[in-house]
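*Asks:* Please see the structure below; I have some questions.
Chains as they are written, first to last, in the numbering used here: chain B, 3 to 191; chain S, 13 to 165.
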C-alpha cells in the first residue's frame, strides 16, 4: 500500500504543478492593482483640457454614474478603444476623460505645450470618435497617482455618490464591457 | 590591476555624484530612507522591477512622490501605507500575511514538518524490537536440522 502510494507520488506532484502552471497561463498579471476599489473618488481640483479657466473637482462630478477613462494621444491602445467608447456614449453612458500627460520618454520630456496638445487631441478625436463629455487635464499625474493608475488606458466606474466601483486596466472592448462593466451598470439602473 | 581599480573607483564615484545631483536631501537619514523605499516598492507598470530601477513614467512619479513624502518627515511605514492605499499590496515587495498569502508562509513549514515526520516514522519502523518465542526457536531448530540432512545426502 505504502509502496504504491510512493510510486504515484511523483505523478501527483507533476499533476499539481501542471494545474498551477496552467492557470498561470490565463491569469492576467494586471488584474491585481485595486487599491482604490470601494472608496470615494480622491479629492482633486484640475483644469479642463480644452477650456481655459474651467476647473473640475471631485465634488462637481458627483450626481451621475460615469466612466473615468484615463487616456493620452501618445497611447496606441487608447486610439483603438475610442471607437467602442464612442458607441457606448451613443448608448447613453457618460464618459469623462482624464488626460494622462506623458512624453515619449519619462526623463527627457520637452516643455509642455498646451496648444500643440489641444491640436493633437482634436485631431485624434476627430478621426477616431469622441466619447468624452469633457476632459480633465492631469498635467502632473497627481490624480492618476491618487487613483493608482499605472498607465493608459485605464477606466474607472464611479457611482453617483462618487464611489469607485470598478478599476479596469487595459482597453474597453465589447467582451470586457459584457463581462465586467455591464453587470455592475445594470445593478445601478 | 591598479589601473583597473583606479578606473573602477572613477566610475563608482561618478555614479554616486550623479545620484546626489538628482535628488537633494536635508540629511543622510532621509537619503537612506529614500534609497530603501525605492528599492522595496515595486513598479506597477514593469512588474518585475522596483521603482528605483524602472524607467516607466509611473515609476518616476512614485519616486518623486516618495521623495516628497520622505522630505515631509514621513516614516518608512507611512510611505508604504500611502502607496498601498493607491496601488494595492502589489506595490510592496514584502507582502503582509492575509488569508490569500497565508499559503506562502504555511506551505514551506508544512512541507518541512511532513518531511521530518516521514523520516521519523521510517526510523521507528526500522527499529521495532523483534519478538522471539519458543515456537520460533523450534522452527529454527527444525530448519537447521532439515538443511543438515540435505547436505549429508
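Where is the CB? At the ideal position from N, CA and C, for every residue including glycine. All of these numbers come straight from a predicted model, not from anything done at the bench.
#1: List the residues of chain S whose Cβ lies closer than 8 angstroms to the Cβ of residue 148 of chain B, in chain order.
#2: At least one CB of chain B closer than 8 angstroms to the CB of residue 73 of chain S: is that the case?
#3: Measuring straight from C-alpha to C-alpha, what distance separates residue 11 of chain B and residue 161 of chain B?
#4: Classify residue 104 of chain B as buried or exposed, calling it buried when 16 or more other Cβ atoms lie within 10 Å of its own Cβ.
#5: Take residue 132 of chain B and list the residues in its own chain whose beta-carbon comes closer than 7 angstroms to its own, dropping the five residues that flank it on each side.
#6: Looking only at C-alpha atoms, which of B:72, B:118 and B:117 sits nearest to residue 144 of chain B?
#7: With a threshold of 8 angstroms between beta carbons, is residue 143 of chain B in contact with chain S?
#8: Which term fits residue 144 of chain S, buried or exposed, when burial requires 16 or more other beta carbons within 10 angstroms of its beta carbon?
#9: Does the distance from the C-beta atom of residue 164 of chain B to that of residue 64 of chain B stay below 8 angstroms?
#10: Output the residue ranges of the beta strand (DSSP E) runs that lie fully inside the segment 20–73 of chain B and measure 3 residues or longer, sorted by chain position.
#11: Can you tell me where the beta strand (DSSP E) with residue 171 of chain B in it begins and where it stops?
#12: Starting from residue 77 of chain S, find everything on chain B with Cβ-Cβ shorter than 8 angstroms and list it in chain order.
#13: Classify residue 116 of chain S: buried if its beta carbon has 16 or more other beta carbons within 10 angstroms, exposed otherwise.
#14: Among S:62, S:97, S:123 and S:48, whose alpha-carbon lies nearest the alpha-carbon of residue 149 of chain B?
#15: Between the segment 131–145 of chain S and the segment 175–191 of chain B, do three or more beta carbon pairs fall short of 8 angstroms?
#16: Let me know if residue 30 of chain S comes out buried or exposed under the rule of 16 or more other beta-carbons within 10 Å of its beta-carbon.
#17: Do the segment 152–159 of chain B and the segment 170–183 of chain B make contact, defined as three or more Cβ pairs closer than 8 angstroms?
#18: To the nearest angstrom, how far is it from the Cα of residue 58 of chain B to the Cα of residue 51 of chain B?
#19: Where are the alpha helix (DSSP H) runs, 4 residues long or more, that stay fully inside the segment 85–154 of chain B, in chain order?
#20: For residue 140 of chain S and residue 121 of chain S, what's the separation of their Cα atoms in angstroms?
#21: Quick check on DSSP: helix, strand or coil for residue 160 of chain B?
#22: By how many angstroms is the C-alpha of residue 101 of chain S removed from the C-alpha of residue 112 of chain S?
#23: Skipping 5 residues on each side, what residues in its chain have a beta carbon closer than 7 angstroms to that of residue 32 of chain S?
#24: Got a sec? Which residues, its chain only, sit under 7 angstroms from residue 45 of chain B by beta carbon, not counting five neighbours each side?
#25: Helix, strand or coil for residue 62 of chain S, going by three-state DSSP, please let me know.
*Replies:* Quick answer:
#1: 98
#2: yes
#3: 52 angstroms
#4: buried
#5: 88
#6: B:72
#7: yes
#8: exposed
#9: yes
#10: 47–49, 57–59 and 68–73
#11: 166–171
#12: 147
#13: exposed
#14: S:97
#15: no
#16: For residue 30 of chain S, the predicted structure reports a pLDDT of 47, less than 50, and the residue's modelled location is therefore unreliable. A value from the coordinates is still provided. So residue 30 of chain S counts as exposed.
#17: yes
#18: 10 angstroms
#19: 116–130 and 144–149
#20: 29 angstroms
#21: strand
#22: 11 angstroms
#23: Residue placement at residue 32 of chain S is poorly supported in this model, since its pLDDT is 47, which falls under 50; the coordinates still yield a value, given next. Excluding positions up to five away in sequence, the list is empty.
#24: 60
#25: strand
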